[in-house]
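Numbering (the numbering used here), first residue to last: 4 to 295.
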């Protein structure tokens, strides 16, 4: 019973972060399940099964709060679903752990780019012109869906920073669109896992606990992302990307404990300074708008 309560809290925390930042449910949940000794494929399957329900609730919540760009959702869903299905079917034959450092390096660079870009833009400069680049969403969707299934998470961490860095859709709609389209990705990955693993290896009590926590957190997260200022949300996502992928790179490169603490401290310092800068900038812009 204690373990189920812990899993429910994990599901709640993971969905709260995922629903407000557009990433981290799969990565967080899968990592914690692995600590319990579950095999990677079974852990990923359990998380994706839970996500079928949590992403459905999250998507409905984001739609109700107006956080979804329908063009983005439709154009990412089909290639993402295909990539997730293929990734799930061949998980046991793919060197997912070997690919992680390369993806983490790419995402860390994107995190720096997103952080810097949202430090200097005004929310009104954001436009909704992403539908003019339909070809860009197809490979992004397939790649993110494939890595999501093979690594137990990746749809949000890849899709969200790439869409934010393009700056053709406001941050809250990036988050809402990514979360809404993730329902189809989780469903396709689950189907692939059922074909390759079967039903018996999945612990349904664990899946149910993750689902319950995620369902409670989904509408709260959708509300949070709506009230966040655009630049503040962008800086939040950027800092989160840096911390998440710095952890992977530190483990891959086997950096000493002292050096790793220094790196984490530097990232946190930059993140805090960015928050202070954005809050002051937002305050000045509001005062300027009142004068005008």
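Glycine included, each C-beta is placed from N, C-alpha and C at the ideal position.
- Counting only residues of its own chain and dropping the five nearest sequence neighbours on each side, residue 86 has a CB closer than 6 Å to the CB of 145, 148 and 149.
- Taking one beta carbon from each stretch, the stretch 108-115 and the stretch 243-263 have 3 or more pairs nearer than 8 Å; the two touch.
- Pairing residue 277 with residue 187, the inter-Cα distance amounts to about 35 Å.
- Taking a contact as a CB-CB distance under 8 Å, the pair residue 189 and residue 54 counts as one, their CB atoms being some 4 Å apart.
- Excluding the 5 residues flanking it on each side, residue 12 has same chain C-beta neighbours closer than 7 Å at 216, in chain order.
- If you compare the alpha carbons of 18, 47, 15 and 79 with that of residue 206, the shortest gap goes to 47.
- As the crow flies, the alpha-carbon of residue 141 is around 6 Å from that of residue 82.
- Residue 176 counts as buried, since no fewer than 16 other beta carbons sit within 10 angstroms of its beta carbon.
- Here residue 227 carries a helix assignment [DSSP, helix/strand/coil].
- The beta carbon of residue 236 sits closer than 6 Å to the beta carbons of 174 from its chain, once the five residues preceding and following it are set aside; these are given in chain order.
- Considered as a whole, the stretch 220-286 harbours 233-256 as its complete alpha helix (DSSP H) runs of no fewer than 4 residues, in chain order.
- Around the CB of residue 261, fewer than 16 other CB atoms lie within 10 Å, so the residue is classed as exposed.
- According to the DSSP assignment, residue 74 belongs to the alpha helix (DSSP H) that extends over 73-92.
- Looking from the CA of residue 56, the closest CA among 73, 182 and 267 belongs to 182.
- If you ignore the 5 residues before and after residue 270, its C-beta comes within less than 8 Å of the C-beta of 242, 245, 246 and 249, all in its own chain and listed in chain order.
- Ranked by Cα distance from residue 58, the options 259, 68, 185 and 212 are led by 185.
- In the DSSP annotation of this structure, the continuous segment of the alpha helix (DSSP H) that includes residue 185 starts and ends at 174-200.
- The three-state reading of DSSP puts residue 68 in coil, since its state is none of H, G, I, E or B.
- Using a Cβ distance threshold of 8 Å, residue 88 and residue 200 do not count as a contacting pair.
- A straight line joining the alpha-carbon of residue 119 with that of residue 274 spans about 11 Å.
- The C-alpha of residue 225 is placed about 6 Å away from the C-alpha of residue 64.
- At least 8 Å separates the beta-carbon of residue 213 from that of residue 71.
- Nearest C-alpha to residue 75 among 223, 251 and 165: 165.
- Around the Cβ of residue 18, a 10 Å sphere holds 16 or more other Cβ atoms; the residue is buried.
- The beta carbons of residue 7 and residue 208 sit closer together than 8 Å.
- Around the C-beta of residue 198, fewer than 16 other C-beta atoms lie within 10 Å, and the residue is accordingly described as exposed.
- Look at residue 148 here: in three-state DSSP terms it is helix.
- 251 is the residue among 161, 162 and 251 whose C-alpha sits nearest the C-alpha of residue 266.
- Taking the Cα of residue 163 as reference, the smallest distance to any Cα among 117, 66 and 191 is reached at 117.
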